[in-house]
Structure formats: structure tokens, C-alpha cells
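All letters in the sequence shown, in the order written, are residues 0 to 145 by the working numbering.
We treat Cβ as the ideally placed atom computed from N, Cα and C, and that holds for glycine.
So the structure is just underneath, and the comments pick up after that.
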Amino acid sequence: MVWLACLGCGDSQSAKAPKITPVKVTVKINGQPLPQAKVTFVLTSDKVSGSGTASGVTDDSGQATLTIDGKSGACVGGNAVSVMEGEAPPAPGAEKGDRHSRGDSSKKTDNLKNRPIPVQYANAIQSGVKVDVTEGKSEYTIELKR
């Protein structure tokens with residue numbers, strides 16, 4: 000029965016599950032905290048199976064705890080990073096799941112500090128931002144420039 004779980008996983012010699020370690024990241028732009036930004040770490044190794052993508056949304060101090068597949072953490076190894084606008088908070092009085100509850104997200108982010116986030120950071124592969132996640136280190140800082 001165990002072998003059924005691996006069907007479609009590819010050659011077990013070439014791909015294995017990535018190691019996950021807790022990661023807390025602080026995102027700054029020009030030295031200032033970047034609140035309500037979605038941060039995504041994408042593992043760049045092709046020697047692992049699984050999604051390899053961890054993400055989180057920064058709080059008012061620019062800090063986020065990353066999660067991957069419902070677990071706290073990010074993949075150990077080299078990660079390409081993207082930073083973009085996070086989810087806009089729901090409109091006051093809106094119910095969860097209401098398709099109109101988010102309103103116009105561009106208007107909501109206009110009121111946030113240190114905006115706009117330069118579009119160059121929205122794509123992990125093209126952003127130029129890289130983080131080498133290692134076991135035993137759980138806090139990282141990302142410095143963006145305008």
C-alpha cells in the first residue's frame with residue numbers, strides 16, 4: 000500500500016520530499032517595514048518533489064510567518080522570492096466568503112505604508128531576490144529598493 004502513495008512521484012533517486020524548517024521573514028522597502036504584503040518563497044532545486052512554495056502575509060511591522068502545504072515553514076535550500084500586494088482586508092460589515100467583501104483592493108492598499116510595491120518584485124524568478132533557507136536559522140530579512 001505504501002508504494003501507491005509514490006505513484007507519479009518520479010524516480011526516487013532523483014526527487015525527494017523537501018526538508019521544511021520554520022521561517023519568519025521581515026520585509027522592508029528602503030529600510031521601512033512593508034505591511035500587508037504577500038511574500039512567497041519558491042524552492043529553486045529540481046531535486047525535490049512537492050510544491051516547494053511557501054508564503055505568508057506581513058503584519059504592520061513587516062513580519063510574516065511562512066507556511067507550506069498547511070504547515071509552518073519553508074523549504075530548506077535556495078529560494079527565489081516574490082513580494083506583492085497581500086489580500087485586502089474585508090470591507091467593514093461584510094461576511095466571510097462574500098464576493099463583494101473585499102472591495103477594490105487598489106484603493107485599500109493606497110492607505111498602507113510604503114506603497115506601491117515595485118512590480119519587479121511580483122515574480123519570484125525575475126525579482127532577483129534570493130534567500131538560502133538553512134536548518135537552525137529561522138529569521139530572515141528581505142530588503143527591497145524603489
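Taking C-alpha positions only, GLU134 is separated from VAL75 by approximately 7 Å.
DSSP places LYS129 in the uninterrupted beta strand (DSSP E) bounded by 129 to 132. Here the C-alpha atom of THR57 lies approximately 17 Å from the C-alpha atom of VAL118.
In the three-state reduction of the DSSP assignment, ALA121 falls in the helix class, which pools H, G and I.
Beta-bridge analysis with DSSP links SER71 to THR66.
Its chain contains ILE19 as the residues whose beta carbon lies nearer than 8 Å to that of LYS70, once the 5 sequence neighbours on both sides are disregarded; these appear in chain order.
For LYS23, the uninterrupted beta strand (DSSP E) segment begins and ends at 23 to 28.
At a Cβ-Cβ threshold of 8 Å, GLN62 and ASN113 do not count as neighbours. If you compare the alpha carbons of VAL128, LEU111, SER137 with that of VAL38, the shortest gap goes to VAL128.
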